[in-house]
Amino acid sequence: MSEIRGKKGFESPSQQELDDYIRQSRESITQMKNGKPPLLFKPRKKLPFKIIGVMILIIISSSLMLGGSFLELDSGKNNNGDDTTTTTPSTTATTTTTIATTTTSMETTQPIDTEQAITTSIPQVEVFINAMIAPNHSSINPVVVNGTINRSQTISDLELFDLVWILSQFDENSEWWNLGRSLIFETYLLWNKTTYLTENLRFELLALRSLVAYSPENILLETSELETYQNISKQLWQNISSAYNNETGIFDPDNNTLVNTHDQILFSQVLAKTAEHPSVFNLSITQEIAIQLLETLNFLTITTDGLPESFEYNITIPSPIFYSYQQSEMILALNQLRSLLGALTIIDSLSTRLNNFLTNFFLQQDWSIAYRYNQTSDELSDKIFLLDQLFFIRMNILHEKRNFAEYTLSIVRSTFGTENSSYFTSNEDSENQFLIDHVNLLLTFEEFLKLEKTESHETHTSTTETEEPTGAAGYAWEFTIIITVLVYITYRRRKSKK
């Protein structure tokens, strides 16, 4: 026999394989006799080492990629989408992070379960509010001193205007939303106060804001009464709009060269509600006024970044003093103006600018919001007030910045809450508490819980509705499937040639 060629010869075939070879040879001879080509066959080999190596490589690479995907998913659980670093609720150590729009290092100790704490506090705050409002709503006491209600002082019209405006922002047909509507149209009959037409323009502006807080389909008036309501509202608007300057685009109720910024915010809130009352307002006119007012405020904040306390009527010489609540309240008003103006770039740019100004200059290391900022001396006030925190929280809830809202909520609970959370103080001296502050607090709590439920629902939906792996895990499985199919096809092709 000739010498074996190559490094390896055929392995010794088994008896079964020899029988197969003989059978295939006979079939091949038969085919050739019939004029067909012979069968092609050769001894079987074991699976090549190359294919085995590829399969081992597939398993190892897939495991590494899947492991990476699990790490990525785990890190995602600790990131709520904000520009902050969070720790687990049980962690008591303080970590440091940097806000995207500021260089201030923030303390981001994760508070206790905020949702549970707020859920517990809400009934107690409601009891406190109900204690200040008589069951038939005929008497409302706005001030509490060290937890004791001052029964000798009743709510003024100006305070009532604010109360109704806040209540109208609760969920439609909720207990508190219905309370505000009842105060206007049933208890205090604000819709029929002709004496309001002789008050100063700022008073009339606040009165009109309350009258248009509820849309026409929710007004509790008969047809004849509704006509009176509309006439008074139109007259109030006629008086108020007379103080609007078409050339400068500002609202100046005092007719002074120095314009108050807060008047512009109140004016914006009224303009936002005109979209719901076409029978009272000429919408094309209010749209033009709103756009011009926004352009004025936008021009003003290009140089100041934020809204100053006041400025000259020709939009020069802005005050060096800035208040935090005005920045937040204007951001909320900008969002309301979308119902009148739709999606405008100027609304987004102005909102972003004010938001950045708040976080750059008013947001302190402990996540509290300072009351005032002096741009000349670059100094913050050393006092913080409850209302400033609440407006900042609501602004962040609007922008779905959950961590920002939650951290400041922890300041509200620790700084302004009493030991049993039966009521919250309004400032650091802990002496006076106000009805308006507590209604704002309740609204903030409910808006935060609504954001929590929305985020939880979206997370649950995205988890349950996903049928295919995503990210690194998805790529790993796709890679494995493709290589496996290719190996299988190669193997089948080799087998078919036998």
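Per the numbering used here, residue 58 is the first one in the sequence shown, and the count goes up by one each step. We treat Cβ as the ideally placed atom computed from N, Cα and C, and that holds for glycine. Treat the numbers as computed from the prediction; the structure is a model and nothing was measured.
query	result
Proximity of GLY237 and LEU224 at Cβ, strictly below 8 angstroms	yes
Alpha carbon of SER479 to alpha carbon of SER408, nearest angstrom	35 angstroms
Closest by C-alpha distance to ASN392, when choosing among SER367, PHE356, ILE454 and GLY363	ILE454
Sufficient close CB pairs (3 or more, under 8 angstroms) joining the stretch 503-510 to the stretch 450-464	yes
Buried/exposed call for PRO335, threshold 16 Cβ in 10 Å	exposed
As assigned by DSSP and simplified to three states, the class of GLN432	coil
Same chain, Cβ closer than 6 angstroms to GLY133, neighbours up to 5 away in sequence not counted	A caution first: GLY133 carries a pLDDT of 38, below 50, which makes its placement in the model unreliable, though a value can still be read off. So no residue of the chain qualifies.
Beta-carbon contacts of LEU350 that lie in its chain and below 6 angstroms, excluding the five residues immediately before and after	GLY306
Candidates ASP435, THR331 and MET387, of which the one nearest SER396 by Cα	THR331
CB contact flag (LEU443, ASP494, <8 angstroms)	yes
Residue interval of the beta strand (DSSP E) (run including ASN413)	Per DSSP, ASN413 belongs to no beta strand (DSSP E); it is in the alpha helix (DSSP H), 402-414.
Short Cβ contact (8 angstroms threshold) for HIS319 with THR244	no
6 angstroms Cβ shell around SER71 - same chain, five flanking residues per side excluded	none
Backbone secondary structure at SER425 - three-state DSSP	coil
ASN489 versus VAL200, GLU74, VAL182 and LEU75, residue with shortest Cα-Cα distance	VAL200
Residue from ASP228, ASN303, THR314 and TYR253 with nearest C-alpha to ASN275	ASP228
Rounded separation between ILE179 and LEU499 - CA only	7 angstroms
DSSP beta-bridge partners of LEU437	TYR430
From ILE378, TYR380, PHE379 and THR360, residue whose alpha carbon lies closest to that of ILE372	THR360
Sufficient close CB pairs (3 or more, under 8 angstroms) joining the stretch 374-381 to the stretch 429-438	yes
Within 8 angstroms, strictly: CB atoms of ALA300 and LEU357	no
With 16 other Cβ atoms within 10 Å as the buried cut-off, status of SER341	exposed
For GLN210, the first and last residue of its enclosing beta strand (DSSP E)	Premise fails: GLN210 is in no beta strand (DSSP E) and is neither H nor E.
Expected contact under 8 angstroms - CB spacing of ILE348 and LEU398 to nearest Å	7 angstroms
Coarse secondary structure for GLU369, derived from DSSP in three states	strand
Nonlocal neighbours in the same chain, by C-beta distance under 8 angstroms from ILE374, ignoring five residues either side	PHE368
Segment limits, alpha helix (DSSP H) that includes LEU268	258-268
Whole-number beta carbon distance between GLN446 and THR465, since they are thought to touch under 8 angstroms	5 angstroms
Chain-order list of residues whose beta-carbon lies under 8 angstroms from that of PHE481 (same chain, five-residue window excluded)	VAL182, LEU443, VAL469, PHE473, GLY474, THR475, GLN490, ASP494, HIS495 and LEU498
Length-filtered (3 minimum) beta strand (DSSP E) runs lying within the stretch 310-351	315-317
ASN193 - DSSP class collapsed to helix/strand/coil	coil
Classification of ARG451 by the beta-carbon crowding that lies within 10 angstroms, buried from 16 upward	buried
Residue span of the alpha helix (DSSP H) that contains GLN226, given as start and end	Here GLN226 belongs to no alpha helix (DSSP H), and DSSP marks it neither H nor E.
Rounded distance between the beta-carbons of LEU254 and PRO310, thought under 8 angstroms	Their Cβ separation, rounded to whole angstroms, is 15 angstroms, which puts PRO310 and LEU254 out of contact at 8 angstroms.
CB contact flag (ALA390, ILE322, <8 angstroms)	yes
Three-way DSSP call (helix, strand, coil) for ILE276 in this model	coil
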